[in-house]
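Have a look at the structure below, then the notes.
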Amino acid sequence: MPGVVILCVWYSFSRCLFALQYAWGLSRGTWLEHVVIDQATVIPAAWIIDQIWPAFHVIPEGHRLIAPMGRLNVLNGCEGLEILFLLVAALIAYPLAWRSRWLGIGLGTLLVFSLNQTRIVILWHAYLSNRDWFSVLHGTVLPLIMIACCFIFFLAFLSRHGTPDE
Numbered sequence: 003m004p005g006v007v008i009l010c011v012w013y014s015f016s017r018c019l020f021a022l023q024y025a026w027g028l029s030r031g032t033w034l035e036h037v038v039i040d041q042a043t044v045i046p047a048a049w050i051i052d053q054i055w056p057a058f059h060v061i062p063e064g065h066r067l068i069a070p071m072g073r074l075n076v077l078n079g080c081e082g083l084e085i086l087f088l089l090v091a092a093l094i095a096y097p098l099a100w101r102s103r104w105l106g107i108g109l110g111t112l113l114v115f116s117l118n119q120t121r122i123v124i125l126w127h128a129y130l131s132n133r134d135w136f137s138v139l140h141g142t143v144l145p146l147i148m149i150a151c152c153f154i155f156f157l158a159f160l161s162r163h164g165t166p167d168e
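For the sequence shown, my numbering gives the first residue as 3, with consecutive numbering after it.
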């Protein structure tokens, strides 16, 4: 019987992840994509970079971080939603009380946002200081760190709120 439960959780996870990814894919080029990338990702990243390194004079311009020393494009896929979708799908698929699910989704969203902003700041610095590191950090290291942090969050959340269907 536990195999059936695992199969049901896996099926729910897969369906939820597909639905979230599909819906986000439909938003390409729409106002929603611009709000998520330009407003909710680029503007806060520019502010954070400007607080840490005011000499860079970073300004947000659409999906770009622009400074006299260089410019960095933040495109679809750089906003951290794929990792958030993994976490949301896991929280929805796991048999939790809905109150716990919503709490996990809210806290997880804050975690992913914070991790992604940190990622963009690190990528900005790598882009300006060592472009060889940029590719490795952008494509492999930082996404894996974000996934690991979300996995640890998920396990910690389950250890505290994991009683099914309270």
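In this text, a Cβ means the ideal position worked out from N, Cα and C, and glycines have one as well. Computed from a predicted model, the values in this text were never measured in an experiment.
> In the segment 10–72, which residue ranges form an unbroken alpha helix (DSSP H) of at least 4 residues, counting only runs that do not cross its ends?
Replying inline: 33–36, 45–54
> So Asn118 packs on Glu81, CB below 8 Å; how close in whole Å?
Replying inline: 7 Å
>> Helix, strand or coil, according to DSSP, for Leu144 in the structure here?
In response: helix
>> Quick check on Asn78: does DSSP put it in helix, strand or coil?
In response: coil
>> Residues in the same chain with beta-carbon distance under 7 Å from Thr111, minus the five sequence neighbours each way, listed in chain order, please.
In response: Leu86
>> Using the three-state DSSP reduction, which class does Leu157 fall into: helix, strand or coil?
In response: helix
>> Taking the alpha carbon of Leu125 as the reference point, which residue from Cys151, Ala99, Asn75 has its own alpha carbon closest?
In response: Asn75
>> I need the boundaries of the alpha helix (DSSP H) containing Ala95, first residue and last residue.
In response: 83–95
>> If you reduce the DSSP assignment to three classes, tell me which class Ala128 lands in.
In response: helix
>> Does the segment 98–106 come into contact with the segment 142–154, if we say contact requires no fewer than three beta-carbon pairs (one atom in each stretch) closer than 8 Å?
In response: no
> With 16 as the cutoff for other CB atoms within 10 Å, does Glu168 come out buried or exposed?
Replying inline: Only weak support exists for where Glu168 lies, its pLDDT of 46 falling under 50; the value from the coordinates is given anyway. With fewer than 16 Cβ atoms within 10 Å of its Cβ, Glu168 is classed as exposed.
> Can you name, in chain order, every residue of its own chain whose Cβ lies under 6 Å from the Cβ of Ile45, other than the five neighbours on each side?
Replying inline: Pro62
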